[in-house]
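Protein chains in written order, with my numbering: chain B, 1 to 114; chain A, 1001 to 1112. Have a look at the structure below before the remarks.
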């Protein structure tokens, strides 16, 4: 069965530190990849997505992610985090083609200390 | 500003009671999803519909949960009878084909 793994469950950083959150998926075919963010008490919002083309994807709020097909990975990065980035981050995958069933990873809770 | 609307936002009920959660997807979206979020399990896909037809409800406990789309503007998730382990936040989301998934604000359910 298709699965999504996020290795870091809880990350604590100081402001201005660099961020990298890991995401790996198990499906071997064509995939569409997403990162969603959930701020405290709010619903999920899309940060960025990859369907095809340039494997380095830029999203909102200075986030970017790199799709490395050989490693089945789609890691999220930000060069300098802010306190307002405190949130839970979810990696998600759908199989390319007709289906759009979105499978989420378990999430990474990021706490940024001022 | 198009958005997914869920009701109720909060629900506290006693074990054994019926609970119905409603979702109005974004107009024009043809796929509707129900997710459940808990601390222990994270985000679990319960069921999803395309063009009002159920495509996959394998994540949903069949004995007590049911999901329907009476029309294109309404999706419902019903739990009967509810149990304390059903306490969670239930999110509805919608999209068009394989596009971005838009989430509602969620329905926070507490079963005592």
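Every residue, glycine too, gets a C-beta built ideally from N, C-alpha and C. If you're wondering where the values come from, they're calculated on a predicted model, not measured in any experiment.
Put residue i into one of helix, strand or coil per three-state DSSP.
i, result
"residue 77/B", "strand"
"residue 1086/A", "helix"
"residue 69/B", "helix"
"residue 1115/A", "Residue 1115/A is absent from the model: chain A starts at 1001 and stops at 1112."
"residue 1042/A", "strand"
"residue 49/B", "strand"
"residue 58/B", "strand"
"residue 42/B", "coil"
To the nearest angstrom, how far is the alpha carbon of residue i from that of residue j?
i, j, result
"residue 125/B", "residue 1097/A", "As displayed, chain B neither begins before 1 nor continues past 114, which places residue 125/B out of reach and without an answer."
"residue 74/B", "residue 1003/A", "28 Å"
"residue 1032/A", "residue 58/B", "27 Å"
"residue 1066/A", "residue 1034/A", "11 Å"
"residue 54/B", "residue 110/B", "27 Å"
"residue 1021/A", "residue 1049/A", "16 Å"
"residue 35/B", "residue 91/B", "5 Å"
"residue 89/B", "residue 1027/A", "27 Å"
"residue 1101/A", "residue 1037/A", "16 Å"
"residue 15/B", "residue 1090/A", "32 Å"
"residue 1071/A", "residue 1029/A", "12 Å"
Considering residue i, what are the terminal residues of the beta strand (DSSP E) in which it resides?
i, result
"residue 83/B", "It is not in any beta strand (DSSP E) - residue 83/B carries neither H nor E in the DSSP assignment."
"residue 1022/A", "1019-1024"
"residue 14/B", "10-14"
"residue 1071/A", "1065-1071"
Count the other C-beta atoms from every protein chain shown that fall within 10 angstroms of the C-beta of residue i, then say buried if there are 16 or more, exposed otherwise.
i, result
"residue 56/B", "exposed"
"residue 105/B", "buried"
"residue 1012/A", "exposed"
"residue 1006/A", "buried"
Segment contact, 8 Å Cβ cut-off, at least three pairs: the region 1080-1093 of chain A with the region 1003-1017 of chain A: yes
Contact the region 17-27 of chain B vs the region 1069-1078 of chain A: 3+ CB pairs below 8 Å: No contact exists between the region 17-27 of chain B and the region 1069-1078 of chain A.
Cβ contact (3+ pairs, closer than 8 Å) linking the region 1051-1070 of chain A and the region 1087-1106 of chain A: Verdict: no, contact absent.
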